[in-house]
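Residue numbers (this note's numbering), protein chains in the order written: chain A, 304 to 479; chain B, 672 to 865.
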């Protein structure tokens with residue numbers, strides 16, 4: 304025969320387990336302090352966002368939740384920003400996800416917890432205008448990263464998935 | 672049937688023996704010919720298709736790319752509309768990450784009635800230097816490239832399209848007029864090459 308106290312503890316554990324399973328079944332719940340999108344932006348909004356960090360080396364990374372290499376390199380951008388923020392580096396993320404996938408973007412940010420601002424490209428308008436404003440040679444493929452020097456001028460264009468070393472090389476060359 | 676497949680294979684090899692154009696064909700230049708097998712197992716020859724149609728629209732597309740998928744309904748509708756007017760549409764899947772079985776189920780799901788081919792080893796994509804999905808090339812009956820670029824400018828909001836570049840080009844071709852905007856910039860996902 305089991306001790307009544309042990310029975311109570313067992314019941315409590317079972318209840319806690321069931322509660323946890325119910326939460327999991329209901330889907331992820333975003334924590335109150337989860338990073339939020341800084342807003343949506345078009346070509347002008349992006350230029351303004353970069354200009355706000357004038358005097359810093361600004362890394363702008365274009366990503367999407369459906370883009371596997373984007374998801375893979377994102378932790379390296381988080382690490383880069385943490386490592387170099389005190390040395391004059393700012394990172395901005397721009398999601399190219401469609402507006403209908405906003406919840407996926409928010410969940411991605413909540414899971415990764417970047418400490419830099421992330422925007423989503425504003426829906427509609429001429430997509431080519433936006434793409435050309437970032438770089439005339441860009442065709443919208445992801446991931447895509449543009450690094451601006453302290454004077455605000457575009458200094459590096461990194462197409463495709465990058466390693467941490469590649470990001471670090473790009474910013475350190477501009478910090479000299 | 673077997674002999675036909677063998678011939679197709681031989682012709683494909685021959686057609687692709689030419690070196691890929693580093694920048695792809697220019698507007699007005701001969702479009703590289705190729706021969707591939709459709710997802711229904713039929714032989715498709717661009718050279719033959721050129722002779723039998725007012726124009727051939729080559730559409731590099733994907734099953735997984737959200738940008739290409741945003742254009743599924745538009746591609747289906749344009750192909751249905753202009754197919755009746757003597758234009759042939761060919762969807763080309765060059766992504767090594769998307770097998771033929773997936774191309775077939777994707778076509779069924781989205782009601783594609785146009786010809787679809789898988790491009791093993793992305794050789795046709797290389798011949799045209801196609802980089803994105805979706806990316807469009809229109810070839811005229813004389814085998815020359817008439818248009819290269821995007822379908823339109825607005826991937827997310829079809830109802831708000833203000834520059835229907837593919838349709839404009841097709842209308843001009845059917846009217847026997849020169850294409851005012853023969854080159855636009857294709858944008859979308861990168862073609863997943865081998």
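Cβ atoms here follow ideal geometry from the backbone N, Cα and C, with glycine treated the same way.
Fill in: CA nearest to the CA of residue 474/A, picked from 343/A, 359/A, 339/A, 348/A
Within the first chain, numbered from 1, the residue matching residue 474/A stands at position 171. Residue 359/A is the option with its Cα nearest to residue 474/A.
Discussion item. Considering only the alpha carbon of each residue, which of 398/A, 428/A, 381/A, 449/A lies closest to residue 437/A?
Written reply: Start at 1 with the first residue of the first chain, and residue 437/A comes out as number 134. Closest option to residue 437/A, Cα to Cα, is 449/A.
Discussion item. Restricting to Cα atoms, I'd like to know which of 425/A, 420/A, 447/A, 441/A is closest to residue 353/A.
Written reply: As a working mapping, residue 353/A is identified with position 50 in the first chain. Of all alpha-carbon atoms in 425/A, 420/A, 447/A, 441/A, the one lying nearest the alpha-carbon of residue 353/A is that of 420/A.
Practice prompt. Report the residue from 816/B, 838/B, 864/B, 860/B whose alpha carbon sits nearest the alpha carbon of residue 695/B.
Written response: On the second chain, position 24 is the one that residue 695/B refers to. Of the listed residues, the one whose Cα sits closest to residue 695/B is 816/B.
Discussion item. Does residue 338/A pass the burial test, meaning 16 or more other C-beta atoms within 10 Å, or should it be called exposed?
Written reply: Here residue 338/A refers to the residue found at position 35 when the first chain is read from its first residue. By the 10 Å Cβ count, residue 338/A comes out buried.
Item to complete: Can you pull the chain D residues whose beta carbon is under 8 angstroms from the beta carbon of residue 828/B, in chain order?
Response: Among the protein chains in the structure shown, which are A and B, there is no chain D.
Worksheet item: When the Cα atoms are used, what is the spatial distance from residue 384/A to residue 434/A?
Response: Position 81 of the first chain, counted from the start, is the residue given in the question as residue 384/A. Position 131 of the first chain, counted from the start, is the residue given in the question as residue 434/A. Cα-Cα distance, rounded: 24 angstroms.
Discussion item. What does the alpha-carbon distance come out to for the pair residue 710/B and residue 403/A?
Written reply: Locating residue 710/B in the second chain gives position 39, where the first residue counts as 1. Locating residue 403/A in the first chain gives position 100, where the first residue counts as 1. Residue 710/B and residue 403/A: Cα-Cα distance of roughly 32 angstroms.
Practice prompt. Tell me, please, whether the stretch 805-812 of chain B touches the stretch 724-738 of chain B by the rule of three or more beta-carbon pairs shorter than 8 angstroms.
Written response: Contact holds: three or more Cβ-Cβ distances are below 8 angstroms.
Worksheet item: Where DSSP assigns a beta bridge to residue 366/A, which residues make up the other side?
Response: Numbered from its first residue, the first chain carries residue 366/A at position 63. Residue pairing of residue 366/A in beta bridges, as defined by DSSP: 398/A.
Worksheet item: Can the beta-carbon of residue 423/A be found less than 7 angstroms from the beta-carbon of residue 406/A?
Response: By 1-based counting over the first chain, the position of residue 423/A is 120. By 1-based counting over the first chain, the position of residue 406/A is 103. It is not a contact, given that the beta carbons lie outside the stated cut-off.
Worksheet item: When you compare only the Cα positions, how much space is there between residue 366/A and residue 837/B?
Response: As a first step, residue 366/A is located in the first chain; it is residue number 63 there, counting from the start. As a first step, residue 837/B is located in the second chain; it is residue number 166 there, counting from the start. Roughly 27 angstroms separates the two Cα atoms.
Worksheet item: So is residue 439/A buried or exposed if we call it buried at 16+ other beta carbons inside 10 Å?
Response: Along the first chain, read from residue 1 onward, the residue named residue 439/A stands at position 136. The residue is exposed, with fewer than 16 neighbouring Cβ atoms inside 10 Å.
Fill in: Sufficient close CB pairs (3 or more, under 8 angstroms) joining the stretch 464-478 of chain A to the stretch 375-389 of chain A
Flag = yes, the stretch 464-478 of chain A and the stretch 375-389 of chain A touch.
Practice prompt. Alpha carbon to alpha carbon, how far is residue 852/B from residue 758/B? Give it in angstroms, no decimals.
Written response: Indexing the second chain from 1 puts residue 758/B at position 87. Indexing the second chain from 1 puts residue 852/B at position 181. Each residue's alpha carbon lies about 19 angstroms from the other.
Fill in: Opening and closing residue of the beta strand (DSSP E) in which residue 819/B lies
Position 148 of the second chain holds residue 819/B. Looking at the DSSP string, the run of the beta strand (DSSP E) that includes residue 819/B is 816-820.
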